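One structure is given below, encoded as structure tokens.
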């Protein structure tokens, strides 16, 4: 994530020095308003009951945070903001600034992570009921930056994910997102500043890293358990894929039977049986549904 192109006056010898020249004190991002700190954006997620956030301090140095936990309850859609996307909503408790709008809310999901870059990580997970919520389209962009990717899955989980990927119904939401959502798969996220070439200039950017949580018990993600899950949640299956598979099985069976016919009479008999079976299937359709619309 690129923050900005570095001007010659700010081209210091180290990332830390460049950051100290560019960002206001206490900020790891460029604020539009100095009163809108990272804490402001964190409080937005808590106040809106979108997430639970916990910071775990170092036992030897309580002023230093070792890692932070973010548990996602829901992500509000624009339709929830009935007063208008740019109309402020007051915090439940006194705070400065006293209110936030939907633009602040969407930015909060990004800026909340810019706590501190070195020797710090975020533990992110979904609550068990989050799958019931409707997620806005822009949250897919968030997932592209901060979400899980198949490449970091253990081999066993990759096998299960491939089954999930092939079986789940089509949706604008990414399949890795829904995989994590339905099975409460956590992730570990960390980041650092870095200076890198950008054309003829240098750019300051945030290097993001997503890691698999090694202590996660993923026994519920075994292939057989994923199959059982789809049996229990048949409404989430990709029915088009199932129909295609059934068609291919039927086609192969018919072709095999036809290939085994040794006389014209046997061949005609097989063809007639296929026609009769197709006719019986169509008779089972509701009167107002035609074969072409199924």
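Numbering (the numbering used here), first residue to last: 173 to 466. All C-beta atoms in this analysis are idealised placements derived from N, C-alpha and C, irrespective of residue type, glycine included. Bear in mind that the values here come from a model prediction, so they are computed numbers and not experimental data.
Let me know if residue i comes out buried or exposed under the rule of 16 or more other beta-carbons within 10 Å of its beta-carbon.
i	result
residue 189	exposed
residue 210	buried
residue 208	buried
residue 176	exposed
residue 179	exposed
residue 244	buried
residue 276	buried
residue 220	buried
residue 435	exposed
residue 186	exposed
residue 222	buried
residue 240	buried
residue 368	exposed
What does residue i pair with, by DSSP beta-bridge criteria?
i	result
residue 293	239
residue 298	244
residue 409	340
residue 303	Looking at the DSSP assignment, residue 303 forms no beta bridge with any residue, so it has no partner.
residue 271	262
Since residue i contacts residue j with CB under 8 Å, what's their CB separation in whole angstroms?
i	j	result
residue 374	residue 183	6 Å
residue 284	residue 217	6 Å
residue 311	residue 247	5 Å
residue 408	residue 332	That belief does not hold up - the Cβ atoms of residue 408 and residue 332 are roughly 15 Å apart, past 8 Å.
residue 307	residue 345	6 Å
For residue i, report the span of its beta strand (DSSP E) as first-last.
i	result
residue 228	223 to 229
residue 367	359 to 370
residue 382	373 to 383
For residue i, report the span of its alpha helix (DSSP H) as first-last.
i	result
residue 314	311 to 318
residue 253	Counting along the chain, residue 253 falls outside any alpha helix (DSSP H), and DSSP gives it neither H nor E.
residue 396	395 to 404
residue 330	327 to 339
residue 349	347 to 355
residue 188	187 to 194
residue 217	210 to 219
residue 324	Counting along the chain, residue 324 falls outside any alpha helix (DSSP H), and DSSP gives it neither H nor E.
| Would the stretch 286 to 294 and the stretch 192 to 206 be scored as touching if the rule is three or more Cβ pairs under 8 Å? | yes
| Touching or not, the stretch 349 to 357 and the stretch 254 to 264, by the rule of three or more beta carbon pairs under 8 Å? | With the rule of 3 Cβ pairs closer than 8 Å, the stretch 349 to 357 does not count as touching the stretch 254 to 264.
| field | Segment contact, 8 Å Cβ cut-off, at least three pairs: the stretch 319 to 338 with the stretch 268 to 281 | value | no
| With contact counted as at least three CB pairs below 8 Å, one residue from each stretch, are the stretch 379 to 395 and the stretch 304 to 319 in contact? | yes
| Do the stretch 293 to 301 and the stretch 353 to 363 meet, that is, are 3 or more Cβ pairs less than 8 Å apart? | yes
| Sufficient close CB pairs (3 or more, under 8 Å) joining the stretch 359 to 367 to the stretch 383 to 400 | yes
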